Amino acid sequence: MRLPSKKLGIPLLLVALCLLPFLSNNYWLDVATLALFYVVLAQGLNVVVGFAGLLDLGYAAFFAVGAYTTGILMTVYHWSFWLTLPVAMVFAAVVGVIVGAPTLRLRSDYLAIVTLGFGEIIRILAINLSITGSASGIYGIPRPSIGGYVLGGQLDFYYLILIVAVLAVLAVRRLGSSRLGRAWMYIREDEDAAEAMGINRINMKLLAYSIGAVIGSMAGSIFAVKMSAIAPLSFSFTQSIMILLAVVLGGLGSIPGVVLGAVLVIALPELLRSVEDWRYVIFGAALVAMMLFRPQGLWPASYERVKASGRKGQRARKGDEVDVEVGLDTHKYNA
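Structure representation (structure tokens):
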């Protein structure tokens with residue numbers, strides 16, 4: 006029996022990613038590692054923006070929370086890296102709840118401005134607090150180890166972030182297809198209608214914000230030990246915009262689309278290095294063209310493909326079976 010292309014394609018992609026280090030030089034291996042970092046970060050932001058519809062312009066703050074938590078615990082208190090991971094994730098979730106509780110009642114542009122301010126507050130705190138190393142940052146962060154083996158080479162961190170990226174994709178995919186994911190999508194489409202159906206929109210938003218924060222903090226923790234040094238410049242507003250760009254470029258709410266967007270955001274500027282003076286102009290022009298001619302993203306989610314094909318909003322013909330969603334349950338009726 007012939008296997009579906011989708012089921013065959015995913016294992017082949019994983020095999021190709023595992024073999025990639027042996028088919029490329031150190032430079033492209035470093036680019037691939039950075040792209041995988043963006044895959045993790047973009048999947049976390051996809052929960053917030055793509056699923057729940059919350060425009061977050063300060064997502065790099067959670068990246069910073071994870072990196073600084075791991076950096077401080079390892080350099081000041083001499084913790085093992087593996088013990089700092091759950092602490093960083095819990096701390097990021099707590100920070101997400103503290104910031105989100107008073108702000109997630111806002112909508113659209115107002116929410117975007119507040120999240121932008123939050124991202125800048127975290128960066129300014131990192132610059133001014135002595136425990137974060139002020140503007141110089143934290144240096145000399147030890148490498149993690151498994152048993153007696155120290156993860157110190159490019160290859161080690163490539164496979165480490167690859168494992169985390171695969172886990173992040175699987176987790177976000179499960180969330181998107183769950184009752185929780187459907188609740189977020191209802192809130193994204195119409196908050197008032199979702200609340201009328203019995204969905205607590207504030208709690209659901211907080212949960213999306215916290216889960217996105219946890220995923221971002223994981224990437225931050227691994228980034229800290231990979232670089233062995235972190236500074237506030239690495240968590241600027243530009244980082245938040247690049248992560249958001251990966252989500253929008255690939256397709257809001259689309260798991261494979263966000264992966265593709267993250268890879269393109271990192272790979273395209275590198276591929277254009279031969280035209281150094283013009284590469285960002287070409288990159289920007291390509292993004293503008295894409296937004297004009299394919300605003301739903303390069304690999305839109307299934308519901309966006311339905312919208313693009315013009316099928317959404319068509320009236321059901323008599324005798325057709327249609328889905329009617331009540332609360333978080335779906336029932337089938339004949340039109």
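Throughout, our numbering is defined as the position within the sequence shown, counted from one, plus 5. In this text, a Cβ means the ideal position worked out from N, Cα and C, and glycines have one as well. This structure is a prediction, so every number in the text was calculated from the model and none was measured.
Item                                                                                                                           : Value
Sequence-distant residues of the same chain with beta carbon closer than 7 Å to I126, five excluded per side                   : none
Whole-angstrom distance between R193 and E330, CA atom to CA atom                                                              : At E330 the pLDDT is 41, less than 50, meaning the model places this residue with poor confidence; the figure from the coordinates comes in the next sentence. Approximately 15 Å between the Cα atoms of the pair.
Coarse secondary structure for V81, derived from DSSP in three states                                                          : coil
Burial state of V95 (16 or more Cβ within 10 Å)                                                                                : exposed
Per-residue DSSP class, three states only, for Y144                                                                            : strand
Closest Cα partner of L257 within the set G49, L28, D35, T120                                                                  : G49
Buried versus exposed call for G14 [16 or more other C-beta atoms within 10 Å across all chains shown]                         : exposed
Contacts around S29, its chain only, beta-carbon distance under 8 Å, and the 5 residues preceding and following it disregarded : A37
For A57 and G225, believed in contact at Cβ under 8 Å, the rounded distance                                                    : Between A57 and G225 the Cβ distance is about 21 Å, and since that is not below 8 Å, they are no contact.
Collapsed DSSP secondary structure at S279 in the structure displayed                                                          : helix
L24 versus Y164, V81, A47, L78, residue with shortest Cα-Cα distance                                                           : Y164
Beta-carbon separation (whole angstroms), L34 vs P26, contact threshold 8 Å                                                    : 5 Å
Span separating the alpha-carbon of V104 from that of V54                                                                      : 16 Å
Alpha carbon of S215 to alpha carbon of G124, nearest angstrom                                                                 : 15 Å
Alpha-carbon to alpha-carbon, A106 and I118                                                                                    : 16 Å
The region 181 to 196 in contact with the region 83 to 92 per 3-pair CB rule at 8 Å                                            : no
Residues near V219 by beta carbon distance below 7 Å, same chain, minus five either side                                       : M94, A97, A98
DSSP state of S182 mapped onto helix, strand, coil                                                                             : coil
Candidates A199, F42, K210: closest to L116 by CA position                                                                     : K210
Alpha carbon of R112 to alpha carbon of S279, nearest angstrom                                                                 : 43 Å
Three-pair Cβ contact test at 8 Å for the region 235 to 244 versus the region 63 to 78                                         : yes
Simplified DSSP assignment, three categories, for Y154                                                                         : strand
Spatial neighbours of V171 in its chain, beta-carbon cut-off 8 Å, leaving aside the 5 residues before and after                : L19
According to DSSP, residues forming a beta bridge with A234                                                                    : Y144
Span of the alpha helix (DSSP H) around W304                                                                                   : Careful: W304 lies outside any alpha helix (DSSP H) and carries neither H nor E.
Proximity of I143 and G76 at Cβ, strictly below 8 Å                                                                            : yes
CA nearest to the CA of M232, picked from P300, A306, R148, A188                                                               : R148
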